[in-house]
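Before any comments, here is the structure.
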Amino acid sequence: MKKEPKSLQQILRKAPSIKKLLQEADADHNRLIQLRQMVPAELASHCVSVHQQKGTMTIYLSSPAWASRMRLISKKLADKLGVRYISCKVQASRTQPKITNKITSRARHSDLAADLIESSIGHSSDPELDAILKRLAQAVRPKH
Numbered sequence: 681m682k683k684e685p686k687s688l689q690q691i692l693r694k695a696p697s698i699k700k701l702l703q704e705a706d707a708d709h710n711r712l713i714q715l716r717q718m719v720p721a722e723l724a725s726h727c728v729s730v731h732q733q734k735g736t737m738t739i740y741l742s743s744p745a746w747a748s749r750m751r752l753i754s755k756k757l758a759d760k761l762g763v764r765y766i767s768c769k770v771q772a773s774r775t776q777p778k779i780t781n782k783i784t785s786r787a788r789h790s791d792l793a794a795d796l797i798e799s800s801i802g803h804s805s806d807p808e809l810d811a812i813l814k815r816l817a818q819a820v821r822p823k824h
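The sequence shown begins at 681 in our numbering and counts up by one.
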């Protein structure tokens, strides 16, 4: 009879060093839940993670503005949480900004832009490039 395969988590939990790290991560998660319940809702949603070590709690927030707001209440919060000091830091976002190929706003066309493009016509030995620059200059020149 085949044994049920073990998950990676089950295997890793047996290693003493990994077990300790997982326990610390669980404790930090519980502290984050507690912290979010103690601060205003608008601030709670920007608390990304926490870590406590030797009487200091480090709170990671989503932006410098939210970290500043947390610093304003950190003294009272430290007393409520039973820690000596609270450090507020910004945690970089783990998600990358969405990059699209769409042009979101049309560039402003001007006579100056068209004149600059036209002034570069003839400075190349490539007649095809000159033709492209001429069409580009016509395209960016505003229609009055």
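Built from N, CA and C at the ideal position, the CB exists for glycine as well.
Model, not experiment: these values are computed from the prediction.
Reduced DSSP secondary structure (H/G/I, E/B, other) of residue i
| i | result |
| --- | --- |
| residue 769 | strand |
| residue 820 | helix |
| residue 754 | helix |
| residue 790 | coil |
| residue 739 | strand |
| residue 709 | helix |
| residue 697 | helix |
| residue 687 | coil |
| residue 801 | coil |
| residue 795 | helix |
| residue 814 | helix |
| residue 807 | helix |
Reference residue i; option with closest CA among the options
| i | options | result |
| --- | --- | --- |
| residue 753 | 797, 743, 768, 742 | 768 |
| residue 724 | 736, 689, 757, 685 | 757 |
| residue 793 | 803, 708, 822 | 822 |
| residue 744 | 731, 727, 734 | 727 |
| residue 735 | 764, 690, 722, 813 | 764 |
Contacting residues, own chain, Cβ-Cβ under 7 Å from residue i (five flanking each side not counted)
| i | result |
| --- | --- |
| residue 798 | 817 |
| residue 766 | 737, 739, 754, 757, 758 |
| residue 747 | 741, 768, 769, 770 |
CB of residue i within 8 Å of CB of residue j, strictly
| i | j | result |
| --- | --- | --- |
| residue 761 | residue 750 | no |
| residue 708 | residue 729 | yes |
| residue 732 | residue 716 | no |
| residue 795 | residue 804 | no |
Residues bridged to residue i [DSSP beta-bridge criterion]
| i | result |
| --- | --- |
| residue 763 | BP columns for residue 763 are empty, so no partner. |
| residue 729 | 740 |
Spatial neighbours of residue i in its chain, beta-carbon cut-off 8 Å, leaving aside the 5 residues before and after
| i | result |
| --- | --- |
| residue 652 | No information on residue 652 is available, as it lies outside the stretch 681 to 824 that the chain covers here. |
| residue 714 | 761 |
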